[in-house]
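A.B. asks: Each number in the numbering used here comes from the position in the sequence shown (counting from 1) with 53 added on. Ideal placement from N, C-alpha and C gives every residue a C-beta, glycine not left out. Please read through the structure below; I'll follow up with questions.
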Amino acid sequence: MPYEKIGKNEPVCIADEVPFEIPESWEWVRLGNIFQHNTGKALNASNRTGSLLPYITTSNLYWDRFELGNLREMYFSENEIEKCTATKGDLLVCEGGDIGRAAIWMFDEDIRIQNHIHKLRSYTEVCTEFFYYLFYLYKHAGWIGGKGIGIQGLSANALHALLFPLPPLSEQKRIVSKIKESEPLMEKYADVEKYLDKLNTEFPDQLRKSILQEAVQGKLVPQDPTDEPVSVLLERIRAEKQHLVKEGKIKKDKHESVIFRRDNSHYEKLDGIERCIDDEIPFEIPKNWKWTRFGQVISLLSGTDFKPEEYNDKQQGVPYITGASSLSEHGVLINRWTEVPRVIVNRGDVLLVCKGSGYGKTVICDIDEAHIARQIMAIKKMTTLDMPYIRVFLQANFEQIKSKGQGVIPGIDRNSVLNLLFPLPPLLEQRHIVEKQRELFNAITLI
Numbered sequence: 054m055p056y057e058k059i060g061k062n063e064p065v066c067i068a069d070e071v072p073f074e075i076p077e078s079w080e081w082v083r084l085g086n087i088f089q090h091n092t093g094k095a096l097n098a099s100n101r102t103g104s105l106l107p108y109i110t111t112s113n114l115y116w117d118r119f120e121l122g123n124l125r126e127m128y129f130s131e132n133e134i135e136k137c138t139a140t141k142g143d144l145l146v147c148e149g150g151d152i153g154r155a156a157i158w159m160f161d162e163d164i165r166i167q168n169h170i171h172k173l174r175s176y177t178e179v180c181t182e183f184f185y186y187l188f189y190l191y192k193h194a195g196w197i198g199g200k201g202i203g204i205q206g207l208s209a210n211a212l213h214a215l216l217f218p219l220p221p222l223s224e225q226k227r228i229v230s231k232i233k234e235s236e237p238l239m240e241k242y243a244d245v246e247k248y249l250d251k252l253n254t255e256f257p258d259q260l261r262k263s264i265l266q267e268a269v270q271g272k273l274v275p276q277d278p279t280d281e282p283v284s285v286l287l288e289r290i291r292a293e294k295q296h297l298v299k300e301g302k303i304k305k306d307k308h309e310s311v312i313f314r315r316d317n318s319h320y321e322k323l324d325g326i327e328r329c330i331d332d333e334i335p336f337e338i339p340k341n342w343k344w345t346r347f348g349q350v351i352s353l354l355s356g357t358d359f360k361p362e363e364y365n366d367k368q369q370g371v372p373y374i375t376g377a378s379s380l381s382e383h384g385v386l387i388n389r390w391t392e393v394p395r396v397i398v399n400r401g402d403v404l405l406v407c408k409g410s411g412y413g414k415t416v417i418c419d420i421d422e423a424h425i426a427r428q429i430m431a432i433k434k435m436t437t438l439d440m441p442y443i444r445v446f447l448q449a450n451f452e453q454i455k456s457k458g459q460g461v462i463p464g465i466d467r468n469s470v471l472n473l474l475f476p477l478p479p480l481l482e483q484r485h486i487v488e489k490q491r492e493l494f495n496a497i498t499l500i
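Printed below as a string of structure tokens:
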């Protein structure tokens with residue numbers, strides 16, 4: 054057990070102060086018994102007597118280095134110069150700021166110190182670098198300016214009482230030599246650790262993006278040859294859209310596009326004109342899927358804004374969805390209403406932020422009806438499409454959609470959305486894809 058004897062007093066056990074075990078040939082010592090120490094001069098703008106000299110503050114002192122590009126000057130008397138001057142080999146330690154941060158002054162030219170820096174100069178020969186590394190250890194272990202056995206400040210008394218291990222001088226030098234030999238490896242390890250931390254931070258988001266890409270490429274779930282052919286599904290989609298047009302619920306498509314394969318190439322027939330679109334096809338899809346323009350299988354609504362007198366915050370009328378701030382990951386946030394709705398969305402529609410902050414964000418509408426502002430587009434719910442799969446497709450194409458943003462206020466136009474190439478799986482597979490995507494996303498939250 055370590056004991057400490059002060060003056061003529063009885064030895065006192067200091068086991069509760071000792072942070073770790075040391076070899077028998079070492080000793081525990083108070084720092085003040087090894088180093089003479091004092092702080093520098095406090096800034097006094099009214100004192101203009103003595104010599105005007107440059108000085109350093111804690112803002113100049115970093116671990117194992119000094120930044121001397123912004124030195125200030127103040128007046129020092131003869132007595133102050135002697136006390137406040139650091140010379141080559143002195144160990145300088147921050148009292149304030151980043152408490153305990155230290156560096157050895159290794160310049161031939163002397164420098165003055167400000168009052169928040171301790172100057173340590175050994176009474177006898179020691180390896181000062183060894184004690185620099187001890188300060189580094191104590192600081193990063195939380196024993197200086199930290200918790201537990203640490204001290205919260207570095208006043209002169211606190212510094213004097215700091216308990217440090219003292220090996221023989223030759224061993225101090227060998228330890229420093231070994232540390233310096235290992236420093237390049239430690240720097241490489243620190244770089245690798247930073248890189249791994251970055252990967253760990255980014256990994257969940259990158260994994261989600263990969264899952265979405267696998268989903269729309271037909272790689273997330275196996276294909277079932279007994280599923281309804283996509284050609285039949287396309288006919289049912291067209292029939293449903295025609296029915297909705299007759300009912301006046303959606304507008305008729307201005308252009309008819311059909312994408313097909315011929316001679317191992319992809320062609321699009323648009324308004325009776327054929328052209329090869331191989332350079333537009335982003336990836337291969339399963340044989341039982343088909344490429345189509347997004348606008349051929351969906352009905353897209355564009356919102357419109359209201360004047361202030363046309364909406365309220367008194368829950369009168371239907372909800373008014375104004376932009377990205379009205380959408381959460383799981384649904385719609387309501388804080389405005391209108392009694393004169395013009396562009397109506399309903400439960401199950403997919404909402405897409407098309408302008409301003411957050412454009413490209415999507416959510417499935419979870420309320421019965423609402424009016425959408427011009428910052429929002431809506432893909433109307435259809436029985437021949439799985440709407441959560443539509444959202445998966447938009448999420449997978451998030452970067453592509455955002456890249457089409459134009460103008461001072463970022464935004465995407467209707468045609469950019471309608472002309473997206475859409476990989477269409479069988480309806481049942483769409484549902485299986487969404488189930489698997491949700492399962493995997495839920496698993497990611499546990500990582």
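(1) So, for N100: in the same chain, excluding its five sequence neighbours on each side, which residues have a beta-carbon less than 6 Å away from its beta-carbon?
(2) Who are L145's beta bridge partners in DSSP?
(3) DSSP state of A449, grouped into three classes?
(4) Between which two residues does the alpha helix (DSSP H) containing K304 stretch?
(5) Beta carbon of E126: closer than 8 Å to some heavy atom of the ligand GDP?
(6) On the criterion of 16 or more Cβ atoms from any shown chain inside 10 Å, does G201 qualify as buried, or is it exposed?
(7) Might you give, ordered along the chain, the residues of its own chain that have their beta carbon closer than 6 Å to the beta carbon of G150, omitting 5 neighbours on each side?
(8) Name the DSSP bridge partner or partners of V311?
(9) Beta-carbon within less than 6 Å of L105's beta-carbon, same chain only, minus the 5 sequence neighbours each way: which residues are those?
(10) Where does S104 sit, in a helix, a strand or coil, going by DSSP?
(11) Which residues bound the beta strand (DSSP E) around V406?
(12) Can you tell me the Cα-Cα spacing of Q368 and R389, whole angstroms?
(13) How long is the line joining the alpha carbons of D280 and E362, rounded to whole angstroms?
(14) At the level of alpha carbons, what is the spacing between K307 and K340?
(15) With DSSP run on the structure shown, which of helix, strand or coil describes K340?
(16) Which same chain residues, not among the five before or five after E240, have their C-beta less than 6 Å away from its C-beta?
(17) Looking only at its own chain, which residues have a Cβ that is under 7 Å from the Cβ of A449, when we skip the five neighbours before and after it?
(18) Let me confirm a value: C407 is counted as buried when at least 16 other C-beta atoms fall within 10 Å, else exposed. Which label applies?
(19) For A139, does the three-state DSSP call read helix, strand or coil?
(20) How long is the line joining the alpha carbons of K414 and I454, rounded to whole angstroms?
(21) With a 10 Å radius around its C-beta and 16 neighbouring C-beta atoms as the bar for buried, classify F88 as buried or exposed.
(22) For E178, which of helix, strand or coil comes out of DSSP?
(23) Apply the 10 Å Cβ neighbour rule to R467 and answer buried if 16 or more other Cβ atoms are within range, or exposed otherwise.
(24) Which of helix, strand or coil does DSSP assign to E57?
(25) Does DSSP classify F88 as helix, strand or coil?
(26) Under the three-state reduction of DSSP, which class applies to D244: helix, strand or coil?
(27) Per DSSP, G464 forms a beta bridge with which residues?
(28) Name the two residues that bound the continuous alpha helix (DSSP H) containing H213.
C.D. replies: Answer, in terms of the structure:
(1) Translated into the one-based positions of the sequence shown, residue 100 becomes position 47. The beta carbon of N100 lies closer than 6 Å to those of Y128 in the same chain, with the five residues before and after it left out.
(2) Position 92 of the sequence shown, counted from the start, is the residue given in the question as residue 145. Answer is A156, K172, bridged to L145.
(3) Residue mapping note: residue 449 aligns to position 396 of the sequence shown, counting from 1. The DSSP-derived three-state label of A449 is helix.
(4) Here residue 304 refers to the residue found at position 251 of the sequence shown. From DSSP, K304 is part of no alpha helix (DSSP H); its letter is neither H nor E.
(5) The ligand GDP is not part of the structure shown, which contains no ligands of any sort.
(6) For the purposes of this step, residue 201 is taken as residue 148 along the sequence shown, with counting starting at 1. Confidence at G201 is low in this model, with a pLDDT of 41, below 50, so the placement of that residue is unreliable and no value is reported for it.
(7) To locate residue 150, count along the sequence shown from 1; it is residue 97. Within the same chain, and ignoring the five residues on either side of G150 in sequence, the residues whose Cβ sits closer than 6 Å to its Cβ are T111.
(8) Looking up residue 311 in the sequence shown gives position 258. Partner(s): K322.
(9) Sequence index remark: in the sequence shown, residue 105 carries index 52 (1-based). Excluding residues within five positions, the ones whose Cβ falls inside 6 Å are E126, Y128.
(10) Reading the sequence shown from its first residue, position 51 is the one you call residue 104. Strand at S104.
(11) The residue you call residue 406 lines up with position 353 of the sequence shown. For V406, the enclosing beta strand (DSSP E) has its first and last residue at 403-406.
(12) If you number the sequence shown from 1, residue 368 lands on position 315. If you number the sequence shown from 1, residue 389 lands on position 336. The alpha-carbon atoms of Q368 and R389 are separated by roughly 7 Å.
(13) Against the sequence shown, residue 280 aligns to sequence position 227. Against the sequence shown, residue 362 aligns to sequence position 309. Roughly 52 Å between the two C-alpha positions.
(14) Along the sequence shown, one-based indexing puts residue 307 at 254. Along the sequence shown, one-based indexing puts residue 340 at 287. The alpha-carbon atoms of K307 and K340 are separated by roughly 29 Å.
(15) As a first step, residue 340 must be located in the sequence shown, where it is residue number 287. Collapsing the DSSP output to three states places K340 in coil.
(16) For the purposes of this step, residue 240 is taken as the residue at position 187 of the sequence shown. So the list is empty, once near-sequence residues are dropped.
(17) In the sequence shown, the residue the question calls residue 449 occupies position 396. Same-chain partners within the cutoff: L265, Q266, A268, V269.
(18) As a position in the sequence shown, residue 407 is number 354, starting the count at 1. So C407 counts as buried.
(19) Within the sequence shown, residue 139 is the residue found at index 86, counting from 1. Here A139 carries a strand assignment [DSSP, helix/strand/coil].
(20) As a first step, residue 414 must be located in the sequence shown, where it is residue number 361. As a first step, residue 454 must be located in the sequence shown, where it is residue number 401. In a straight line, the C-alpha of K414 is about 10 Å away from that of I454.
(21) Start at 1 with the first residue of the sequence shown, and residue 88 comes out as number 35. It is buried - the Cβ of F88 has at least 16 other Cβ atoms within 10 Å.
(22) Looking up residue 178 in the sequence shown gives position 125. It is coil, neither helix nor strand.
(23) Locating residue 467 in the sequence shown gives position 414, counting from the first residue. Taking every protein chain shown into account, the CB of R467 has fewer than 16 other CB atoms within 10 angstroms, so this residue is exposed.
(24) Residue mapping note: residue 57 aligns to position 4 of the sequence shown, counting from 1. Three-state result, E57: strand.
(25) Sequence index remark: in the sequence shown, residue 88 carries index 35 (1-based). Correct three-state label for F88: strand.
(26) For the purposes of this step, residue 244 is taken as the residue at position 191 of the sequence shown. In the structure shown, D244 falls within a helical segment according to DSSP collapsed to helix, strand and coil.
(27) As a first step, residue 464 must be located in the sequence shown, where it is residue number 411. Per DSSP, K408.
(28) The residue given as residue 213 occupies position 160 in the sequence shown. 209-214 is the span of the alpha helix (DSSP H), which, as asked, contains H213.
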